[in-house]
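Protein chains: 2
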Amino acid sequence: MNPPQNDTLLRALRREPTEYTPIWLMRQAGRYLPEYNATRARAGSFMALCTDPDLAAEVTLQPLARFALDAAILFSDILTVPDAMGLGLHFVEGEGPRFSRPLVDEQAVASLAVPDPERLRYVYDAVAAIKRELAGKVPLIGFAGSPFTLACYMIEGGGSTDFARVRRMLYARPDLLHRILSVNAEAVAAYLAQQVAHGADVLMVFDTWGGLLTSDSYGHFSLAYIRTVLDRVRRASGVATPTIVFTKGGGQWLERIADTGCSAVGVDWMTDIGAARTRVGTRVALQGNLDPLALLATPDVVRTQASAILDAAGTSPGFIFNLGHGIVPSTPPDNVAALVEFVHQDSRSRRRPAAVGQSAASRAGTGSSGH
Amino acid sequence: MNPPQNDTLLRALRREPTEYTPIWLMRQAGRYLPEYNATRARAGSFMALCTDPDLAAEVTLQPLARFALDAAILFSDILTVPDAMGLGLHFVEGEGPRFSRPLVDEQAVASLAVPDPERLRYVYDAVAAIKRELAGKVPLIGFAGSPFTLACYMIEGGGSTDFARVRRMLYARPDLLHRILSVNAEAVAAYLAQQVAHGADVLMVFDTWGGLLTSDSYGHFSLAYIRTVLDRVRRASGVATPTIVFTKGGGQWLERIADTGCSAVGVDWMTDIGAARTRVGTRVALQGNLDPLALLATPDVVRTQASAILDAAGTSPGFIFNLGHGIVPSTPPDNVAALVEFVHQDSRSRRRPAAVGQSAASRAGTGSSGH
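If you read the protein sequences in the order shown, they are chains F and L.
Numbering (our numbering) for the first sequence: 411 to 781.
Numbering (our numbering) for the second sequence: 411 to 781.
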């Protein structure tokens, strides 16, 4: 495989120097874009959009037509995998995802199995379609939910503020939860390996709910299975595809996430990115972490906040600018444009040899004025 | 004021040695208790229960009749203060708190003022009534929401998963948010000082939503105002009432919370209590941090989880056992009984001089076998 024409993200993931800080945004293809809403209306529903490879490719590419983003990310949903397991995913308007057949009893857990790969073919076809349309411009990020995060929805039957059912199962029947997580880990690994086989250049694991766990349980019930996924994908795909692991609310556990062998650790907005770098050192890249709500203010505020993150991230190679969570639907696209432009320009100017020379000269000047 | 007959909590808050680890539980008076539900049914509504000092005293004392808890906590709601400001608090069945007049525009923010103390007299009367009925048995904890957490509800108009409106205001109109927080800090300080004047022995500040902020914003918009509250209460009440500060999701900022001069830092269940102790040293007491969902398993599981927390908390004085957040309504009271009994017995046995002697003797024995 040839590297993409813009391989800035891939070099940042390898912690190699880059001319500027690459940027992409979680949920960059989504409801804040009028063209996305138009395509979705045409598709009829969110699931119709996800399951049609051409439409999924179309919306994946929409933000790249507007903004100079350094990566595309597959348009899909983390819950495609449990849907393929037969849980019956559907979306209730204004209420988010629901499963018709959640894992409500021991029998349901016992019957759970890794899905037939054919049931996820529409995702692999979407990856291939996106890859063709990208024509080697920027890398394509594939993704999956973490085994624990998938289990949260599979057990709860939908979204929740506290996922009380899965946490109760963790204490009351850890054996059942481990069985679900083992099946999920195998399924997610196969899913990600297939995304690589169809053209994904980078893989990201979204552990949206790992932050609800105790420090110990996070290790046993979330991180251990993420590690299994990464190990299996590495073996299955035979190539060293770079990986990003993101646990929302996982700011206390960044060192442990870095120890999984991932290429980059995703950082949420609650964590100081400078402190994060100090803690993980230079052994991984970091990705993050603008508060998505900052994008609802003015372009000036967006630039000020982005500048503070570039300051804190420092000059070590291996930093990828992103949000600390997904873009919210009420985000003005102009603010996204301002962000992408600013991050590129400002990070470039921080690296400019002339500026370094001037700064050195001015420091020398100050020094000589002291004579 | 004479110390209560059981002053274990007060000594732990001063980091003095105690015979056992004191325990109380956030939301210990609540829906998991049939007697609470009976009183609430009699009152007619949650607000009727809060505003009737005799009924509030009755439910405050209910858990103490069942369990050997080391403290009572005022039965009330954090939103009494904004209600007294005229925002119109009411509760929608199954949906939680709502304000009829949230802070939706600049005019509403400009008009906001510290409430007439008479509008909160029912709370002070409840404190006095509870204090009388406690008859000096255990200390009474008074409490308030943090200025930031109150602002979350006041701006959003009710609960939320992400409090997007307050976070947007933080970026778009920080001046408005600072004005709200200043008024809240003054109101909360006066409220807590009055609780002390009416008999509260300990004060707790609940910062339920500070964990939604960036590390920087947490300092400017939440912690700074908590510090203001603590400073004003100290000056207003003229006595050194012990204080507990709890930021849910604040595990990354424990040192900064300890620096406010509070007596104890509340720790949520996501944070390892041993790591917390290492980080804050011995300059404050710590309170926490069993996952409330662990109380939905069996008594054996409860004991195992509690034992792990006692292990991690170590032997430094200044540890108060609690949950990492409030008890959930589906908690079996028998599990709470098992928890309280276990924490008392197990922590007592960890301190027993005989056990220390035996351990020293056995160590000496091992030493001499090496001759």
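Here a beta-carbon is modelled for each residue, glycine too, at the ideal position from N, C-alpha and C.
Source: prediction; values computed, not measured.
With 16 other Cβ atoms within 10 Å as the buried cut-off, status of residue i
i       : result
N732(F) : buried
A523(L) : exposed
S625(F) : buried
N412(F) : exposed
D464(L) : exposed
V738(L) : buried
P432(L) : buried
Q517(F) : exposed
F506(F) : The residue you asked about is not Phe; residue 506(F) is Gly in the sequence shown. So G506(F) ends up on the exposed side.
S772(F) : In this predicted model, S772(F) has a pLDDT of only 39, less than 50, meaning its place in the structure is not dependable; the value taken from the coordinates is given anyway. It is exposed - the Cβ of S772(F) has fewer than 16 other Cβ atoms within 10 Å.
G659(L) : buried
P549(F) : buried
P527(F) : exposed
D417(F) : buried
G775(L) : Residue confidence is low: G775(L) scores 36 on pLDDT, short of 50, so the model does not pin down where it sits. Its coordinate-derived value is still stated next. It is exposed - the Cβ of G775(L) has fewer than 16 other Cβ atoms within 10 Å.
Segment limits, beta strand (DSSP E) that includes residue i
i       : result
T657(L) : 653-657
N594(L) : Premise fails: N594(L) lies in the alpha helix (DSSP H), 584-607, not in any beta strand (DSSP E).
L465(F) : L465(F) -> not in any beta strand (DSSP E); alpha helix (DSSP H) instead, spanning 463-476.
Given residue i as reference, the closest of the options once Cα atoms are compared
i       : options                            : result
A439(L) : Y628(L), R476(L), R424(L)          : R476(L)
T638(F) : S556(F), V746(F), A538(F), L497(F) : S556(F)
L479(L) : L513(L), K547(L), Q605(L)          : K547(L)
Q697(L) : E751(L), A704(L), A707(L), G724(L) : G724(L)
L459(L) : S726(L), E505(L), V533(L), I551(L) : V533(L)
I404(L) : C672(L), A695(L), S673(L)          : Lying before the first or after the last residue shown, residue 404(L) is absent from chain L, which here runs from 411 to 781.
D585(L) : W434(L), D417(L), V519(L)          : V519(L)
V643(L) : V598(L), R589(L), S570(L), Q517(L) : V598(L)
S512(L) : A561(L), A686(L), D611(L), E505(L) : First, the amino acid is wrong: residue 512(L) is Pro here, not Ser. Residue A561(L) is the option with its Cα nearest to P512(L).
N699(F) : G734(F), W434(F), P427(F)          : G734(F)
E503(L) : A536(L), G454(L), L664(L)          : G454(L)
A603(F) : L544(F), G552(F), R450(F)          : G552(F)
A582(F) : R575(L), E426(L), T461(L), A707(L) : A707(L)
T461(F) : A448(F), D535(F), L749(F), Y446(F) : D535(F)
R589(L) : M564(L), G568(L), S570(L), T571(L) : M564(L)
G569(L) : W434(L), I488(L), T692(L)          : I488(L)
W434(L) : G676(L), L591(L), G629(L)          : G676(L)
Where the alpha helix (DSSP H) containing residue i begins and where it ends
i       : result
V675(L) : Per DSSP, V675(L) belongs to no alpha helix (DSSP H); it is in the beta strand (DSSP E), 674-676.
P507(L) : Unbroken run through P507(L) is the beta strand (DSSP E), 506-509; no alpha helix (DSSP H).
V643(F) : 634-647
H500(F) : From DSSP, H500(F) is part of no alpha helix (DSSP H) but of the beta strand (DSSP E) over 499-502.
N699(F) : From DSSP, N699(F) is part of no alpha helix (DSSP H) but of the beta strand (DSSP E) over 695-700.
V548(F) : Run containing V548(F): none; DSSP gives neither H nor E here.
F752(F) : 743-761
I683(F) : 683-690
M564(L) : 557-566
D710(L) : 709-723
Cutoff 7 angstroms; reference residue i; Cβ partners in own chain excluding five residues on either side
i       : result
A765(L) : Any reading at A765(L) must be qualified, since the residue scores a pLDDT of 47, below 50, and its modelled position is unreliable; the value itself is stated next. Here the set comprises S759.
Y601(L) : V491, L530, A554
Q415(L) : G546, K547
V593(L) : L522, A523, V524
N745(L) : L705, P709, V712
M757(F) : This sequence places Ser at residue 757(F); Met is not what is there. Contacts found: Y430, T431, L720.
Nearest-angstrom Cβ-Cβ length linking residue i and residue j, presumed shorter than 8 angstroms
i       : j       : result
F656(L) : F616(L) : 6 angstroms
A668(L) : V690(L) : 5 angstroms
L705(L) : T741(L) : 5 angstroms
Y430(F) : R761(F) : 7 angstroms
G736(L) : R437(L) : 3 angstroms
D678(L) : R577(F) : That pair is no contact at about 13 angstroms.
A538(L) : H608(L) : 5 angstroms
A686(F) : L664(F) : 5 angstroms
R425(F) : T692(F) : 7 angstroms
Cβ-based neighbour list, residue i, same chain, cut-off 6 angstroms, excluding 5 preceding and 5 following
i       : result
T651(F) : V606, L613
S510(L) : G498
T559(F) : D617, T618, W619
Q768(L) : Confidence at Q768(L) is low in this model, with a pLDDT of 44, below 50, so its placement is unreliable and the value that follows should be read with caution. So the list is empty, once near-sequence residues are dropped.
F784(L) : An answer regarding residue 784(L) cannot be provided, because it is not within the stretch 411 to 781 covered by chain L.
F752(F) : R713, A716
H500(L) : R508
E596(L) : V524
T373(F) : The structure shown has nothing for residue 373(F), since chain F only spans 411 to 781.
Any chain A beta carbon closer than 9 angstroms to residue i
i       : result
T708(L) : You won't find chain A in this structure, because its protein chains are F and L.
Nonlocal neighbours in the same chain, by C-beta distance under 8 angstroms from residue i, ignoring five residues either side
i       : result
S627(F) : L580
T670(F) : L633, I636, R637, L640, V655
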